[in-house]
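Numbering (mature numbering (1 follows the signal peptide of the UniProt record, and there is no 0)), first residue to last: -26 to -1, 1 to 377.
Ideal placement from N, C-alpha and C gives every residue a C-beta, glycine not left out.
One structure is given here, and the rest of the page talks about it.
Shown next as structure tokens:
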């Protein structure tokens, strides 16, 4: 099929520190990580914002795979423990049938995770261009299939100000090993251009993927979309908007449909209108810098916002566009539904499940399937930890309905 591209170097020094036990320090690497993060956790809430974290900014961003600006300490440590365990199993306990080349492959994978070379999975196609800007690129991870297969498109989070498509590599296998092609994409950030730039970018990326569906053995009639935080909002806006295909356009990319089969969302905002957020979400989430930079306004000078700016904010708030023909949705939140956490921390507020439950109220009235999960009980926490498995089951069900 295609040749795997060589590993691109990424700064990810964490694994150099925590995947390999130190001979000089008695504590386990995971204990040291937990202790360090706990020291950073000045308010003792078990979570770290980027401002609280005293490590490299790039490390925080790599660990923050949901793109919501928060590291949950126990969850982060557990993730590292699991990664270390998987690598150790692959190397120290190979199967009895394993040949030397197979064992070497495991060791080579481990070595690729050292220092600056860590990538969970390499894309089959990397940095495919869909526009002129340097961030107009996406990566394609192919499932092994002879017949055209469905595709999941993942849009990274990061408050519209940071993030990278490579973060999606962490869970690409959940899809490709279950017969679903997988694409992660970049888009222009607020410092490059304010809204609607990032929304337009993601639509064009989707249309470009459809235009090249035959090349990658993608069934263009079965494409789902999703993302974390900012990526979840971009995904919703695409899914709830009318089809943006233009059969009369000179550009063949624009002939392609922008409609999707299903949505999978993590820690989603469902509106970007600060007035809606102020009304529904307790605390100061409505004042978020990310929203101000996305639309280009100053929360301290609201009386200067023009009618045209308000129209822009309303247009790109996804919940305003939900209709009865929109696709089924699956939403996961790693916060409880307790409104008090939104009052205590604006970052918890801007990722609060209230966004999802308000969307569900509207979806229920319209007859659109919308499932929302948070972490209010041990059972719900277990669901959150199984989110990728459940997402794949959900997608298979939705894709099957398209046949």
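1) Determine the burial state of residue 376: buried for a count of at least 16 other Cβ atoms within 10 Å of its Cβ, exposed for fewer.
2) Could you tell me whether the Cβ atoms of residue 182 and residue 111 are closer together than 8 Å?
3) Determine the contact status of residue 212 and residue 231, defining contact as a CB-CB distance below 8 Å.
4) Return the Cβ separation of residue 242 and residue 330 in integer angstroms, given the expectation that the two are a contact with Cβ distance under 8 Å.
5) Would you tell me roughly how many angstroms separate the C-alpha atoms of residue 246 and residue 292, rounded to the nearest one?
6) Could you check the C-alpha separation between residue 144 and residue 164 for me, to the nearest Å?
7) Measure from the alpha carbon of residue 221 to the alpha carbon of each residue in 185, 199 and 34, then state which is nearest.
8) Could you please give the first and the last residue of the uninterrupted beta strand (DSSP E) stretch that includes residue 297?
9) Report buried or exposed for residue 98, applying the criterion of at least 16 other Cβ atoms within 10 angstroms of its Cβ.
10) Considering only their Cβ atoms, is the gap separating residue 105 from residue 128 smaller than 8 Å?
11) Taking the straight line between their C-alpha atoms, what separation do you get for residue 256 and residue 316?
12) Does the distance from the CB of residue 44 to the CB of residue 321 come in under 8 Å?
13) First and last residue of the beta strand (DSSP E) that includes residue 368?
14) Could you name the residues of the same chain whose beta carbon sits closer than 6 Å to that of residue 262, not counting the 5 residues immediately before and after it, in chain order?
15) Tell me, which residues are paired with residue 345 by DSSP?
16) Give me the DSSP bridge partner(s) of residue 197.
17) Over what stretch of residues does the beta strand (DSSP E) that includes residue 21 continue unbroken?
18) Excluding the 5 residues preceding and the 5 following residue 124 in the sequence, name in chain order all residues of the same chain whose CB lies nearer than 6 Å to its CB.
19) Distance check for residue 266 and residue 277, CA to CA, integer angstroms please.
20) Rounding to the nearest angstrom, what Cα-Cα distance links residue 260 and residue 152 in this structure?
21) Does the distance from the C-beta atom of residue 209 to that of residue 237 stay below 8 Å?
22) For residue 329, report the span of its alpha helix (DSSP H) as first-last.
23) Residue 349 and residue 310: beta carbons closer than 8 Å?
24) Does the separation of the CB atoms of residue 95 and residue 147 fall below 8 Å?
25) Please name the residue, chosen from 305, 314, 342 and 333, that lies closest to residue 357 on a Cα-to-Cα basis.
26) With the cut-off set at 8 Å, would you say residue 378 and residue 16 are in Cβ contact?
27) So, residue 200 versus residue 40, is the Cβ gap smaller than 8 Å?
28) Grab me the residues of residue 235's own chain with a C-beta within less than 7 Å of its C-beta, minus the 5 sequence neighbours each way, in chain order.
29) Can you list, in chain order, the residues of its chain whose CB lies under 7 Å from that of residue -4, leaving out five sequence neighbours each side?
30) Between the C-alpha atoms of residue 206 and residue 131, what's the straight-line distance to the nearest angstrom?
Let's see:
1) exposed
2) no
3) no
4) 6 Å
5) 8 Å
6) 25 Å
7) 185
8) No beta strand (DSSP E) holds residue 297; DSSP gives it neither H nor E.
9) buried
10) no
11) 6 Å
12) yes
13) Not the beta strand (DSSP E): residue 368 falls in the alpha helix (DSSP H), residues 361 to 376.
14) 324
15) 304
16) 125
17) 21 to 23
18) 154, 193, 196 and 373
19) 14 Å
20) 39 Å
21) yes
22) 328 to 340
23) yes
24) yes
25) 305
26) Look at the range of the chain in this structure, -26 to 377, and you will see that residue 378 is not part of it.
27) no
28) 196, 197, 198, 301, 372, 373 and 376
29) Bear in mind that the predicted position of residue -4 carries a pLDDT of just 38, short of 50, making it unreliable; the figure below should be weighed with that in mind. Result list for residue -4: empty, nothing under 7 Å.
30) 7 Å
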